[in-house]
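This report concerns only the one structure given below.
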Amino acid sequence: MKARVFVTLKPSVFDPQGHTIVEALQSLGYGDVSDVRQGKYFELDLKVPTPDAARSLAAEVADRVLANPVIESFRIELSEQGAQETRS
Amino acid sequence: MKFAVVVFPGSNCDHDAYHAAKHVLGQDATFVWHKETSLGDADVVILPGGFSHGDYLRTGAIARFSPVMAAVREFADAGRPVLGVCNGFQILLECGLLPGAMLRNRDLKFHCAFVHVRVEKTDTPFTVLCNEGQVLKLPIAHGEGNYYADPEVVKDLEASGRIVFRYASPDGEVSDGANPNGSVNGIAGICSEQRNVVGLMPHPERACEHAMGSNDGLVLFESVVKALATQSALQAVGE
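Here the protein sequences line up with chains A and B, keeping their order.
Under this note's numbering, the first residue of the first sequence is numbered 1351, with each subsequent residue one higher.
Under this note's numbering, the first residue of the second sequence is numbered 7, with each subsequent residue one higher.
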């Protein structure tokens, strides 16, 4: 089972990198790009039998290690099942 | 008085801290490798600056799970003095011994420069010999020192007097212009509820001798020696 974990800064937290990128894009003429939030992407291979177990394990490691809950939120996608979970 | 300096893979201010304690202050000092599970007979623990585990994932995020950190937590929970400098501060935030988190500096630049910080509180073991409002000239060297915490947490830090250092001008004025990284409320250092765990981004251990451009950092080390001496004198009287 594979899980994909997307970690981004919470909406309430200023993202200096995303801000710099959107400014650069706008100066290149991409005025229709109104905001950019930069994040991290993880692919997990999980040795568990069910999608529920995969989701639960991915959420646990995302919450404990991959994301810092003080500033970040994460979203999980199970690639084989297309299941999805969002938590902040 | 024995200083334990924890060494993580990628620590690079461990020798500076050891030198300050051992050679400048004349105290006992020892290195403790992060795989150790005991801090031995240490009286003070220092988590030094550097780039533990290459700053992979987030600054301090991997170091937090090092075996020695269970002993550091136990030491801190017992009310004993722990100082986290720069990456050491980031590790204290990641492991939850101090609240908040670090974001990239607001200008995305790595800042390596002398700054000034104002001492806000003198009731921590690392600031007992300071005067409130005293300005210290200390170096910073970080890319992620932009302190962030939820507004309620910041409010609580302010209300409980847990902001120990703020970035300031040389004459002690806290302003946005004196803030090198965008930290909320100009926060350069905070302490735990028990006040025995202190974290700060500037490097006092790199400013303990005139030859280093400033010896303003020495007072933090002198303070903890004084605080521990006072504590053991009180205990002796108690016995």
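All C-beta atoms, glycine included, are put in the ideal place defined by N, C-alpha and C.
By how many angstroms is the C-alpha of Arg1354/A removed from the C-alpha of Val1398/A?
-> For the purposes of this step, residue 1398/A is taken as residue 48 along the first sequence, with counting starting at 1. For the purposes of this step, residue 1354/A is taken as residue 4 along the first sequence, with counting starting at 1. Distance between the alpha carbons of Val1398/A and Arg1354/A is about 15 Å.
Measure the beta-carbon distance from Tyr173/B to Ala147/B and round it to whole angstroms, keeping in mind my assumption that it falls under 8 Å.
-> As a position in the second sequence, residue 173/B is number 167, starting the count at 1. As a position in the second sequence, residue 147/B is number 141, starting the count at 1. About 14 Å; that fails the 8 Å criterion.
In chain order, what residues of the same chain have a beta carbon less than 6 Å from the beta carbon of Gln1431/A, not counting five sequence neighbours either side?
-> For the purposes of this step, residue 1431/A is taken as residue 81 along the first sequence, with counting starting at 1. Any reading at Gln1431/A must be qualified, since the residue scores a pLDDT of 48, below 50, and its modelled position is unreliable; the value itself is stated next. For Gln1431/A, where only same-chain residues beyond five positions count, the Cβ hits under 6 Å are Pro1401.
Give a yes or no on whether the C-beta atoms belonging to Lys115/B and Pro73/B are separated by under 8 Å.
-> Within the second sequence, the letter at position 109 stands for residue 115/B. Within the second sequence, the letter at position 67 stands for residue 73/B. The answer is no: Cβ separation not under 8 Å.
Burial state of Tyr1391/A (16 or more Cβ within 10 Å) = In the first sequence, counting from the first residue as 1, residue 1391/A sits at position 41. So Tyr1391/A counts as exposed.
So what's Arg86/B in DSSP terms, helix, strand or just coil?
-> Walking along the second sequence from the start, residue 86/B turns up at place 80. Coil.
Go ahead and pull the three-state DSSP assignment for Lys41/B.
-> The residue labelled residue 41/B in the question sits at position 35 within the second sequence. Three-state DSSP puts Lys41/B in coil, outside helix and strand.
Skipping 5 residues on each side, what residues in its chain have a beta carbon closer than 6 Å to that of Lys143/B?
-> Taking the first residue of the second sequence as position 1, residue 143/B is located at position 137. Phe120, His122, Ser220 and Asp222.
8 Å Cβ cutoff met for Ala82/B and Val159/B = By one-based count along the second sequence, residue 82/B stands at place 76. By one-based count along the second sequence, residue 159/B stands at place 153. Not in contact: Ala82/B and Val159/B (Cβ atoms no closer than 8 Å).
Return the bridge partner residues of Thr1370/A from the DSSP annotation.
-> Locating residue 1370/A in the first sequence gives position 20, where the first residue counts as 1. Note: Thr1370/A sits in no beta bridge, so no partner.
Any chance the CB of Ala1417/A is under 7 Å from a heavy atom of the ligand SAM?
-> For the ligand SAM, the structure offers nothing, since it holds no ligand at all.
So, is Tyr153/B buried or exposed, given that buried needs 16 or more other C-beta atoms within 10 angstroms?
-> Position 147 of the second sequence, counted from the start, is the residue given in the question as residue 153/B. When all chains shown are included, Tyr153/B counts as buried.
Got a sec: which bits of the region 173–200 of chain B sit with their beta carbon under 9 Å from any beta carbon on chain A, in order along the chain?
-> Gly188
Chain B contacts from the region 1353–1367 of chain A (Cβ-Cβ distance under 9 Å) | Leu1359, Ser1362, Val1363, Phe1364, Asp1365, Pro1366 and Gln1367
Identify whether Gly56/B lies in helix, strand or coil by the three-state DSSP scheme.
-> Within the second sequence, numbered from 1, the residue matching residue 56/B stands at position 50. If DSSP states are grouped into helix, strand and coil, Gly56/B belongs with the strands.
Compute the distance between the beta-carbons of His59/B and Gly16/B, then report whether it is under 8 Å.
-> Stepping through the second sequence from its first residue, residue 59/B is reached at position 53. Stepping through the second sequence from its first residue, residue 16/B is reached at position 10. Yes, these two residues count as a Cβ contact at 8 Å.
Give the DSSP-derived three-state secondary structure of Ser220/B in the structure shown.
-> Along the second sequence, read from residue 1 onward, the residue named residue 220/B stands at position 214. Strand at Ser220/B.
Range of the contiguous alpha helix (DSSP H) that encloses Tyr1380/A = As a working mapping, residue 1380/A is identified with position 30 in the first sequence. That residue, Tyr1380/A, is in no alpha helix (DSSP H); it is neither H nor E in DSSP.
Below-8 Å beta-carbon distance, Ile1371/A vs any chain B residue | Mapped onto the first sequence, residue 1371/A falls at position 21. Chain B contact via Cβ: absent.
Buried or exposed: which applies to Cys118/B, given that a residue is buried once 16 or more other Cβ atoms fall within 10 Å of its Cβ?
-> Counting from 1 along the second sequence, the entry for residue 118/B is found at position 112. Exposed.
Between Val231/B and the rest of its own chain, which residues show a CB-CB distance below 7 Å, the 5 nearest in sequence each way excluded?
-> As a working mapping, residue 231/B is identified with position 225 in the second sequence. Met7, Leu31 and Gln33.
Name, in chain order, the residues that DSSP records as bridge partners for Cys197/B.
-> For the purposes of this step, residue 197/B is taken as the residue at position 191 of the second sequence. Bridge partners of Cys197/B: Val204/B.
What residues are listed by DSSP as bridge partners for Thr1358/A?
-> Locating residue 1358/A in the first sequence gives position 8, counting from the first residue. DSSP lists Gly1389/A and Ser1423/A as partners of Thr1358/A.
By the criterion of Cβ-Cβ separation under 7 Å, what are the contact partners of Tyr153/B in chain A?
-> Indexing the second sequence from 1 puts residue 153/B at position 147. Those do not exist, as Tyr153/B stays about 11 Å from chain A at its closest Cβ, beyond 7 Å.
May I have the straight-line CA-CA distance separating Ala1433/A from Ile52/B, to the nearest angstrom?
-> The residue you call residue 1433/A lines up with position 83 of the first sequence. The residue you call residue 52/B lines up with position 46 of the second sequence. Model confidence at Ala1433/A stands at a pLDDT of 47, short of 50, so the residue's coordinates are unreliable and nothing is read from them.
Proximity to Asp1395/A [Cα-Cα], best of Arg1387/A, Gly1389/A, Ala1404/A and Pro1419/A | Residue 1395/A sits at position 45 when you count from the first residue of the first sequence. Cα-wise, what sits closest to Asp1395/A is Ala1404/A.
How many Å lie between Glu1387/A and Pro208/B at the Cα?
-> The residue labelled residue 1387/A in the question sits at position 37 within the first sequence. The residue labelled residue 208/B in the question sits at position 202 within the second sequence. Per the sequence presented here, residue 1387/A reads as Arg, with Glu not at that position. Approximately 29 Å between the Cα atoms of the pair.
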